[in-house]
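Asks: Chains as they are written, first to last, in my numbering: chain Z, 1124 to 1539; chain W, 113 to 279. Input: one structure, supplied below.
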């Protein structure tokens, strides 16, 4: 037996090969600074409404401290089934077609591990949520990216899906509305994509965690589309719409075969979602509708403020139609996403997330969350404006879209 | 709801909890023109829909001694005037911050603020209780404030505890 100081060779090569999240690296940088206004937070700035917290405390008082069934509290699954039916007209049997998970993150992991075999391919829009590709890899499969850009409104199309399909393709995952771009796909486009998915006999993993935060048009729930219910695994939760990120409670809904298989993994790895969080989620569904609407209204108002602010700064930014993120194009500054975010942080103490943390297609963009108070947003945009003007004076800014306070051409010429 | 009425409501929803927002910000948030926001706010001020702009202050933290009380007042309604004439007489005292007509065991609830408890007590005995048509008063002094105008004022308020960067 020999002593060794390097244990890496004992680690699963799949895990070794996964890069740490770009967000994590940036988090370490921000954590060292004081007085930072953060537009880098991917969670609501509201505290969970009191009636939900109070219901959780009441459940503790009543002694709800034990395991629940693997699938979760039946009352909660029934409430979810009713909610999905009322909102989108899609029906699930709460007894064997709904599984309560530890957030959408667990639902994502379970669904990938359930359906993917080594060598399978998963179609993933890019930029998109940071977990999709690593979870695919950890399931032994291969991510295939569908590259979106401002030119196509950061939206995938049926044609893009069709072109990317190979005999190894198993599934498409889609987050609609999208994190980090705020782009949404309307019903027409989803119908076209669904047609391809059906024709090529693929599985649709639909992450609809931001579905309730849709500001333009109505959210389309994928399993509610004709012929899609049984080939879709719907992932959703309470984190974003009810401001319950830390509770870690979500759900997966799908046909019995998928849900039963996912429940097998869940029962051996997680056992069940925390009972207190499930009690809170039940209260959220029963009485949280009006509170959620107020939060959505507030996000929408801030969204308008953000769109105007970027316009005035002269940074091109497509209209975010859902979630609570804007994804402005910072290529005109001549800086990379990481340099932009790092310099903005160091010079103006405003934190944004470099777009490349969400995939290569995010390069040249930054994610700005408007899940922040009006005061913080206003101050952050003031600082960003100063930053951009300073860069322009130093000749970094090459072109700017028109805006009320657009950086004057002279500012650029003086330094060139 | 008509267009103007709808816009009025939207503006009120926005400024109800933050009177510091300026017309430009309000206009951006509601996708309206700034001039229109200014005009509608002015109209609502003139119509007393917007009755004033105040700062919510937790005087306990300032260390300033203040006395305040809630007073239940029973009054005799007057022919043709009901409770309004007496209520308006009470309202005109600057110490009186809020007056409401109530259902139930008493008629008016009056919220009073003075520099000291003694000052508040003096106001009740000398001005309020002795007023014509006032039958009786029951005074409840405020000992501590926990929540004011929708804002928590205690030490353990709900500050932002989120991490600076999350996915």
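C-beta: ideal position from N, C-alpha, C; glycine also. Remember, predicted model here, so these are calculated numbers, not experimental data.
Applying the 10 Å Cβ sphere with the 16-neighbour rule, what's the burial state of residue 1423 of chain Z?
Replies: Locating residue 1423 of chain Z in the first chain gives position 300, counting from the first residue. Result: buried.
Asks: If I measure Cβ to Cβ from residue 1521 of chain Z and keep anything under 7 angstroms in the same chain, skipping five residues before and after, which residues do I get?
Replies: Position 398 of the first chain, counted from the start, is the residue given in the question as residue 1521 of chain Z. Because residue 1521 of chain Z carries a pLDDT of 47, less than 50, the predicted location of this residue cannot be relied on, and no value is offered for it.
Asks: Which whole-angstrom value describes the C-beta separation of residue 1279 of chain Z and residue 1323 of chain Z, a residue pair presumed to lie in contact below a C-beta threshold of 8 angstroms?
Replies: Against the first chain, residue 1279 of chain Z aligns to sequence position 156. Against the first chain, residue 1323 of chain Z aligns to sequence position 200. With a Cβ gap of about 15 angstroms, residue 1279 of chain Z and residue 1323 of chain Z do not count as contacting.
Asks: Roughly how many whole angstroms lie between the Cα atoms of residue 1419 of chain Z and residue 219 of chain W?
Replies: Here the question's residue 1419 of chain Z lines up with position 296 in the first chain. Here the question's residue 219 of chain W lines up with position 107 in the second chain. Their backbone Cα atoms lie some 40 angstroms apart in a straight line.
Asks: Going by the CB atoms, is the gap between residue 1276 of chain Z and residue 1300 of chain Z shorter than 9 angstroms?
Replies: Locating residue 1300 of chain Z in the first chain gives position 177, where the first residue counts as 1. Locating residue 1276 of chain Z in the first chain gives position 153, where the first residue counts as 1. Their beta carbons are not under 9 angstroms apart, which means residue 1300 of chain Z does not touch residue 1276 of chain Z by this criterion.
Asks: Strictly under 9 angstroms for the Cβ-Cβ distance: is residue 120 of chain W near chain Z by that measure?
Replies: Counting from 1 along the second chain, the entry for residue 120 of chain W is found at position 8. Not an interface residue.
Asks: I'd like the list of long-range same chain contacts for residue 261 of chain W, defined as Cβ closer than 7 angstroms, with 5 residues on each side in sequence excluded.
Replies: Against the second chain, residue 261 of chain W aligns to sequence position 149. Cβ within range, chain order: 168.
Asks: Is residue 1428 of chain Z close to chain W, meaning its C-beta is less than 9 angstroms from at least one C-beta of that chain?
Replies: Mapped onto the first chain, residue 1428 of chain Z falls at position 305. Residue 1428 of chain Z counts as touching chain W.
Asks: Which one of W/175, W/119, W/120, W/150 has the shortest CA to CA distance from residue 228 of chain W?
Replies: For the purposes of this step, residue 228 of chain W is taken as residue 116 along the second chain, with counting starting at 1. Selected option, being the one with the closest Cα: W/175.
Asks: Near residue 223 of chain W, which residues of its chain fall below 6 angstroms by C-beta distance, leaving aside the five closest residues on each side in sequence?
Replies: Reading the second chain from its first residue, position 111 is the one you call residue 223 of chain W. If we look at residue 223 of chain W and ignore the five residues flanking it on each side, its Cβ neighbours are 182, 209, 210.
Asks: Would you list, in chain order, the members of the stretch 1157-1189 of chain Z that have their beta-carbon closer than 7 angstroms to a beta-carbon of chain W?
Replies: Hits within the stretch, in order: 1159, 1161, 1163, 1164, 1165, 1166, 1168, 1170.
Asks: Note down, in chain order, each residue of its chain lying with its Cβ closer than 7 angstroms to the Cβ of residue 245 of chain W, except the 5 sequence neighbours on either side.
Replies: Start at 1 with the first residue of the second chain, and residue 245 of chain W comes out as number 133. Closer than 7 angstroms at Cβ, skipping near neighbours: 187, 188, 190, 198.
Asks: Just the C-alpha distance for residue 1139 of chain Z and residue 1261 of chain Z, rounded to the nearest angstrom, thanks.
Replies: The residue you call residue 1139 of chain Z lines up with position 16 of the first chain. The residue you call residue 1261 of chain Z lines up with position 138 of the first chain. Using only the alpha carbons, I get a separation of about 10 angstroms.
Asks: Quick check on residue 137 of chain W - is its C-beta less than 9 angstroms from some C-beta in chain Z?
Replies: Within the second chain, residue 137 of chain W is the residue found at index 25, counting from 1. With 9 angstroms as the cut-off, residue 137 of chain W counts as an interface residue toward chain Z.
Asks: Verify the CB distance criterion: does residue 1253 of chain Z have a CB-CB separation below 9 angstroms to chain W?
Replies: Position 130 of the first chain, counting from 1, holds the residue named residue 1253 of chain Z. Yes, because at least one Cβ of chain W sits closer than 9 angstroms to the Cβ of residue 1253 of chain Z.
Asks: Using a Cβ-Cβ cut-off of less than 8 angstroms, list which residues of the stretch 135-159 of chain W approach chain Z; keep chain order.
Replies: Hits within the stretch, in order: 137, 140, 141, 142, 143.
Asks: Leaving out the 5 sequence neighbours to the left and right, which residues in its chain are closer than 7 angstroms to residue 1178 of chain Z when beta-carbon positions are compared?
Replies: Here the question's residue 1178 of chain Z lines up with position 55 in the first chain. The residues are 1402, 1403, 1406.
Asks: Anything in the stretch 1378-1404 of chain Z with a Cβ closer than 9 angstroms to a Cβ of chain W? List those residues in chain order, please.
Replies: Within the stretch 1378-1404 of chain Z, no residue qualifies.
Asks: Please report the distance separating the alpha-carbon of residue 1152 of chain Z from that of residue 1370 of chain Z.
Replies: As a working note, residue 1152 of chain Z is residue 29 in the first chain. As a working note, residue 1370 of chain Z is residue 247 in the first chain. About 26 angstroms.
Asks: Specify the secondary structure class of residue 186 of chain W as computed by DSSP and reduced to three states.
Replies: As a first step, residue 186 of chain W must be located in the second chain, where it is residue number 74. Strand.
Asks: In the structure shown, what three-state DSSP assignment does residue 245 of chain W receive?
Replies: Within the second chain, the letter at position 133 stands for residue 245 of chain W. Coil, per DSSP.
Asks: With the cut-off set at 9 angstroms, would you say residue 1255 of chain Z and residue 1296 of chain Z are in Cβ contact?
Replies: Working through the first chain from its first residue, we reach residue 1255 of chain Z at position 132. Working through the first chain from its first residue, we reach residue 1296 of chain Z at position 173. For residue 1255 of chain Z and residue 1296 of chain Z, yes; Cβs fall inside 9 angstroms.
Asks: Which residues in chain W sit within 8 angstroms of residue 1474 of chain Z, going by Cβ to Cβ distance?
Replies: The residue given as residue 1474 of chain Z occupies position 351 in the first chain. Those are 276, 277, listed as they occur along chain W.
Asks: Below 8 angstroms on the Cβ atoms is my guess for residue 1302 of chain Z versus residue 1448 of chain Z; work out the distance and round it to an integer in Å.
Replies: Along the first chain, one-based indexing puts residue 1302 of chain Z at 179. Along the first chain, one-based indexing puts residue 1448 of chain Z at 325. Confirmed, about 6 angstroms.
Asks: From this set, Z/1248, Z/1378, Z/1502, which residue's C-alpha is nearest residue 1306 of chain Z's C-alpha?
Replies: Within the first chain, residue 1306 of chain Z is the residue found at index 183, counting from 1. Taking only the C-alpha atoms, the option nearest residue 1306 of chain Z is Z/1248.
Asks: Quick one: what's got a C-beta closer than 8 angstroms to residue 201 of chain W's C-beta in the same chain, skipping five residues either side?
Replies: As a working mapping, residue 201 of chain W is identified with position 89 in the second chain. The residues are 243.
Asks: Would a check of beta-carbon distances place residue 1144 of chain Z closer than 9 angstroms to chain W?
Replies: Numbered from 1 along the first chain, position 21 holds the residue referred to as residue 1144 of chain Z. True, the Cβ-Cβ gap to chain W drops below 9 angstroms.
Asks: Buried or exposed: where does residue 1154 of chain Z fall if 16 or more other Cβ atoms within 10 Å of its Cβ makes it buried?
Replies: Here residue 1154 of chain Z corresponds to residue number 31 of the first chain, with the count starting at 1. Residue 1154 of chain Z is exposed by the Cβ-count criterion.
Asks: Within a Cβ cutoff of 7 angstroms, which residues of the same chain sit near residue 1400 of chain Z, ignoring the five residues on either side of it in sequence?
Replies: Stepping through the first chain from its first residue, residue 1400 of chain Z is reached at position 277. Correct list, in chain order: 1370, 1371, 1372.
Asks: Rounded to whole angstroms, what is the Cα-Cα separation between residue 1539 of chain Z and residue 1515 of chain Z?
Replies: Along the first chain, read from residue 1 onward, the residue named residue 1539 of chain Z stands at position 416. Along the first chain, read from residue 1 onward, the residue named residue 1515 of chain Z stands at position 392. With a pLDDT of only 29 at residue 1539 of chain Z, under the threshold of 50, the placement of this residue in the model should not be trusted; the figure read from the coordinates follows. So the two alpha carbons sit approximately 10 angstroms from each other.
Asks: On the three-pair Cβ rule with 8 angstroms, is the stretch 1475-1482 of chain Z touching the stretch 1423-1442 of chain Z?
Replies: They do not touch, by the three-pair rule.
Asks: List in chain order: all unbroken alpha helix (DSSP H) runs of 4+ residues lying wholly within the stretch 213-243 of chain W.
Replies: As far as the stretch 213-243 of chain W is concerned, its whole alpha helix (DSSP H) runs of at least 4 residues are 229-235.
Asks: Sorted by chain position, which residues of the same chain lie with C-beta nearer than 8 angstroms to residue 235 of chain W's C-beta, five sequence neighbours on each side aside?
Replies: Counting from one through the second chain, the residue named residue 235 of chain W turns up at place 123. The answer, listed in chain order, is 205, 207, 224, 226.
Asks: So with CB distances below 8 angstroms, who are the chain Z contacts of residue 133 of chain W?
Replies: Stepping through the second chain from its first residue, residue 133 of chain W is reached at position 21. Result: 1497.
Asks: Alpha carbon to alpha carbon, what distance is there between residue 1508 of chain Z and residue 1452 of chain Z?
Replies: Start at 1 with the first residue of the first chain, and residue 1452 of chain Z comes out as number 329. Start at 1 with the first residue of the first chain, and residue 1508 of chain Z comes out as number 385. Between residue 1452 of chain Z and residue 1508 of chain Z, the C-alpha separation is close to 14 angstroms.
Asks: Does the stretch 1201-1214 of chain Z come within contact of the stretch 1346-1357 of chain Z, defined as at least 3 CB pairs closer than 8 angstroms?
Replies: The stretch 1201-1214 of chain Z vs the stretch 1346-1357 of chain Z: in contact.
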